[in-house]
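Numbering of the sequence shown is given in full-length UniProt numbering, commencing with residue 1 and proceeding in unit increments. Have a look at the structure below, then the notes.
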Amino acid sequence: MVAVIHASGSLRSALNYNERKVREGAADFLDAGYYLQNPQKLNFQNKLSRLASRNALNPRVKVNTLHISLNFAPDEKLSSQQLKAIAGSYLAKIGFEKQPYLLYEHRDSGHPHVHLITSSIRADGSAIRLHNLGKNQSEKARKELESEFGLVRAQDQNQGAYQLKPANLTVAEYGKSQTKKAIRDVLQGVLHQYKFCSLPELNAVLSQYNVTAERGTEGSRIYKKQGLVYRLLDRDGQKIGVPVKASDFHFKPTLKSLNGRFAANEPERLKYRPRLKNLIDLTLLNRRHSLESLSESLKKQGVQMLVRRSEQGLVYGLTYVDLRTQCVFNGSALGKAYSAKAILERCTDSPSKTRNTKVFDPDLQQSSHPKAAGQRNFTTGSKDLERVLSQSHQGQDKLLYDLFSPEFGSENVPWQLAKTRRKKRKKVNR
């Protein structure tokens, strides 16, 4: 089982989304927990007013609505009663026991899943803490429910069944409703899975699934109002179909919301940056690459390198999508040595030029020139290394070369290890 939680301040949007699915025949209304009426006799206003009145008990809390989806393995056949039991138990385990909720079963994807709508405001007006709810309480509840109900464990499920697929472009011409669904499915998956820190980085991932986000041209009304729209792309990367405003989606992927996500993602992806830098460096180390061959080599190692070109065909930017850590970095976010200009220069350099790189050597004695201290030219060392390699077995060459060759990088010392010098206090003559 996989649980996806969206917190928002728009109860009506979440309810409208599920009710529209029911009208379209893509969902069924299953249950209304802690409502005073028979669930099957509730109309739209009845469903809305119960949760709205609960939210009104604490007007200071703006994010007061939870829209949760519980997703099951494609081959699992669960009855309505089982789905009700799982949903009720899940809410109790994450701290939402006795909270009113609405339950819908959806049939609009390749696997069984339900949607839950509930309030984070208790009957006494206090608010349920939502911070790290998905990471802590939800993860624990998921594992317990998998054991209690005999569900397929998330880690055992066929990942291909839940893998994002490019949006189905054949539906784009049929109108806004189908376009919106195609964009929504991709957008929800990308926002939940990937760590990115800017709109271009988000678009680097979305473009892999035929979707893009745009703010409009500078000076336009949508740009001035901090608006954002999402569009489908064809196989050539050209925009097609009807643009959909971010505010039209129930989970509100607006620019304001994304900016908060950008800030939260920065420390999360920081720990994966050295891995990606080392992978790029080692790929460039042993052979001469063109930009295209570098992209292919990285792709085999689980990294998509997206090249941004101007209308004249000139390369002006690179974005790296690490599919293993699900982190996205613009070249500049990794460092100057990984920008478009630097990578192009490194691609044109031969391996012999690369081996002349100056790097920090802590064992080097102090030079007479203060700026030269801590640095050393590896030209001589590289020649000795080549002689050793030529005498080695062919299978050992790459290992020795990787171990003893200097690494690329514009920084001699990682910033985490660098120490700032203490300022000397001025002596006061007394």
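The C-beta atom is built at its ideal place from N, Cα and C for all residues, glycine as well.
Asked                                                                                                                        : Found
Contacting residues, own chain, Cβ-Cβ under 6 Å from His6 (five flanking each side not counted)                              : His67, Phe251
Cβ separation of Leu30 and Leu103, assumed to be a contact under 8 Å, to the nearest whole Å                                 : 5 Å
3 or more residues per run - each beta strand (DSSP E) lying fully within the stretch 214-272                                : 229-233, 239-245
Cβ neighbour criterion (16 or more within 10 Å) applied to Asn210                                                            : buried
When Ile86, Lys256, Tyr90, Ile183 are compared against Ser8, the one with the closest alpha-carbon                           : Lys256
DSSP three-state assignment for Gln375, whether helix, strand or coil                                                        : Low confidence applies here, because Gln375 scores a pLDDT of 39, under 50, leaving its location unreliable; read the following figure in that light. Looking at Gln375 - three-state DSSP - the assignment turns out to be strand.
DSSP three-state assignment for Asn16, whether helix, strand or coil                                                         : helix
Three-pair Cβ contact test at 8 Å for the stretch 136-143 versus the stretch 78-98                                           : yes
Touch test, the stretch 43-62 against the stretch 271-286, Cβ-Cβ under 8 Å, three pairs minimum                              : no
His113 classed as buried or exposed, judged by whether at least 16 other C-beta atoms fall within 10 angstroms               : buried
Asn265 versus Lys195 - alpha carbon distance                                                                                 : 5 Å
Closest Cα partner of Val328 within the set Leu276, Ala182, Leu258, Glu24                                                    : Leu276
Residue span of the beta strand (DSSP E) that contains Phe329, given as start and end                                        : 327-330
Endpoints, alpha helix (DSSP H) assigned at Glu292                                                                           : 291-300
Coil, strand or helix - Ile86 by DSSP                                                                                        : helix
Neighbour-count burial assignment, Ser198, 16 or more Cβ in a 10 Å radius                                                    : buried
Beta-carbon contacts of His111 that lie in its chain and below 7 Å, excluding the five residues immediately before and after : Asn71, Phe72, Ala73, Pro74, Ala161
Of the listed residues Arg269, Leu202, Ser247, Val229, nearest to Leu306 (C-alpha basis)                                     : Leu202
Simplified DSSP state of His192, which is helix, strand or coil                                                              : helix
One or two residues paired with Asp28 in a DSSP bridge                                                                       : Glu105
Three-state secondary structure assigned by DSSP to Asp363                                                                   : Note that Asp363 scores 36 on pLDDT, short of 50, meaning its location in the model is unreliable; the coordinates nonetheless yield the value given after this. The answer is coil: DSSP assigns Asp363 none of H, G, I, E or B.
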